[in-house]
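Chemist: The opening residue of the sequence shown carries number 2 in the working numbering; numbering runs sequentially from there.
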Amino acid sequence: MNDHDKREFMSELNLAFEAARQPLPSPQVLRLFFDRLAPYPLPMVLTAIGRHIDTSEFAPTPASILKHLPKMSDGRPEADEAWAIAIRSADERETVVWTQEIAEAWAIAAPVFDGDEIGARMAFKAAYARIVDRNRGANLAPQWVVSQGFDAQRRIEVVEQAVRAGRLQLSHAQAVVPLLTSESDPAPGVDVEANLARLKAIVAGVGSAQDRASAEKSARAREDAEHTAELKRAAARRVASYAAEVRA
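Structure follows, in structure tokens:
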């Protein structure tokens, strides 16, 4: 949501408080509502408020509305996925795209990996959870970096996959591509310009796909909001009809 959405957001929130027969909270608390829900598009938030009205007898809180919204990922892999990424670095030929948090946890687990893979996995997961909790507490975003292996072809493939997954920006990929033709590279015939062009095409495709997905999500949210609004209007008509019958 943005500032232009505040009026409609506040109108729906006011309706939720009225339905619970509670007054609107202070401006500071209302600002807290908006700040916590701002990462979501307005139609999705309106739908979530409507679902709260339908399922709760109490006035809403930011947490009660967030329960009706999809969980926002901060881009960090879960521990099992992080471990699967980390163990690739045990092969010196392999290029690995990982977060600095995965690299830090791997540095703790790696010394025991060769002799005790199960112990290394347990040590890694414990360290990774601790490091992630620390960085989340400090409000630090994950940083994806490249650890290069000796296999030049795998470098290209891994970097392309990371760009396609949105984990590596083109500027970072460009920093890796020129190294594909270094003197120590076993595949000096790699066409750097062609690789870079392919990376740019991948980035463009990722952007288009993300735009389409975002548009589809917003459209679904609008449909849900319209459906919720229609249900409310129907309920209001039933109440009005019942009141008219009672008066008659």
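Ideal Cβ placement from N, Cα and C applies to all residues, glycine included.
Roughly how far, in whole angstroms, is the beta-carbon of Y41 from the beta-carbon of L70, given that I think they are within contact range, below 8 Å?
Modeler: On the sequence shown, residue 41 is found 40 positions in, with the first residue counted as 1. On the sequence shown, residue 70 is found 69 positions in, with the first residue counted as 1. Yes, they are in contact, since the Cβ atoms of Y41 and L70 sit about 6 Å apart, within 8 Å.
Chemist: From P28 to A142, what distance separates their C-alpha atoms?
Modeler: Translated into the one-based positions of the sequence shown, residue 28 becomes position 27. Translated into the one-based positions of the sequence shown, residue 142 becomes position 141. Between P28 and A142, the C-alpha separation is close to 30 Å.
Chemist: Which two residues bound the contiguous alpha helix (DSSP H) that contains S65?
Modeler: Indexing the sequence shown from 1 puts residue 65 at position 64. It spans P63 to L67 - the alpha helix (DSSP H) in which S65 sits, taken as one unbroken run.
Chemist: Please name the residue, chosen from A139, M123, L43 and E161, that lies closest to R8 on a Cα-to-Cα basis.
Modeler: What you label residue 8 is simply residue 7 of the sequence shown in a count that begins at 1. The option with the nearest alpha carbon to R8 is L43.
Chemist: Is S74 helix, strand or coil by DSSP?
Modeler: Within the sequence shown, residue 74 is the residue found at index 73, counting from 1. DSSP places S74 in coil when its eight states are reduced to three.
Chemist: For the putative contact between Q144 and Q101, defined by C-beta atoms under 8 Å, what is the C-beta separation to the nearest angstrom?
Modeler: For the purposes of this step, residue 144 is taken as the residue at position 143 of the sequence shown. For the purposes of this step, residue 101 is taken as the residue at position 100 of the sequence shown. Yes, they are in contact, since the Cβ atoms of Q144 and Q101 sit about 5 Å apart, within 8 Å.
Chemist: If you follow the alpha helix (DSSP H) that V160 is part of, which residue opens it and which one closes it?
Modeler: In the sequence shown, residue 160 corresponds to position 159, counting from 1. Taken as a continuous stretch (DSSP letters only), the alpha helix (DSSP H) holding V160 covers A153 to R165.
Chemist: Please state whether DSSP places S57 in a helix, a strand or coil.
Modeler: Sequence index remark: in the sequence shown, residue 57 carries index 56 (1-based). Here S57 sits in coil by DSSP.
Chemist: Suppose you measure from the CA of V191 to the CA of A163; what does that come to, to the nearest Å?
Modeler: Along the sequence shown, read from residue 1 onward, the residue named residue 191 stands at position 190. Along the sequence shown, read from residue 1 onward, the residue named residue 163 stands at position 162. Any reading at V191 is ruled out, since the residue's pLDDT is 47, under 50, leaving its predicted position unreliable.
Chemist: Are the region 92–107 and the region 146–166 touching by the rule of at least three beta carbon pairs closer than 8 Å?
Modeler: Because the criterion of three Cβ pairs below 8 Å is met, the region 92–107 and the region 146–166 touch.
Chemist: Would you mind working out which of D75, T48, P78 and D81 sits nearest S65, comparing C-alpha positions?
Modeler: Here residue 65 refers to the residue found at position 64 when the sequence shown is read from its first residue. Per the Cα distances, T48.
Chemist: DSSP beta-bridge partners for S148?
Modeler: On the sequence shown, residue 148 is found 147 positions in, with the first residue counted as 1. In DSSP, S148 forms a bridge with V97.
Chemist: If we count Cβ pairs, one from each stretch, closer than 8 Å, do we get three or more for the region 125–140 versus the region 100–115?
Modeler: The region 125–140 is in contact with the region 100–115.
Chemist: Using only the alpha-carbon positions, how far apart do A17 and L33 sit?
Modeler: What you label residue 17 is simply residue 16 of the sequence shown in a count that begins at 1. What you label residue 33 is simply residue 32 of the sequence shown in a count that begins at 1. Approximately 16 Å, taken between the alpha carbons.
Chemist: Can you tell me which of the three DSSP states Y41 falls into?
Modeler: Within the sequence shown, numbered from 1, the residue matching residue 41 stands at position 40. Coil, per DSSP.
Chemist: First and last residue of the alpha helix (DSSP H) that includes A87?
Modeler: On the sequence shown, residue 87 is found 86 positions in, with the first residue counted as 1. A80 to A87 is the extent of the alpha helix (DSSP H) around A87.
Chemist: Got a sec, what are the start and stop residues for the alpha helix (DSSP H) S12 sits in?
Modeler: Looking up residue 12 in the sequence shown gives position 11. Counting along the chain, the alpha helix (DSSP H) containing S12 begins and ends at K7 to A20.
Chemist: Taking the Cβ atom as the reference point for each residue, do R156 and V98 lie within a distance shorter than 8 Å?
Modeler: By one-based count along the sequence shown, residue 156 stands at place 155. By one-based count along the sequence shown, residue 98 stands at place 97. No, these two residues do not count as a Cβ contact at 8 Å.
Chemist: Please state whether DSSP places Q23 in a helix, a strand or coil.
Modeler: Here residue 23 refers to the residue found at position 22 of the sequence shown. Coil.
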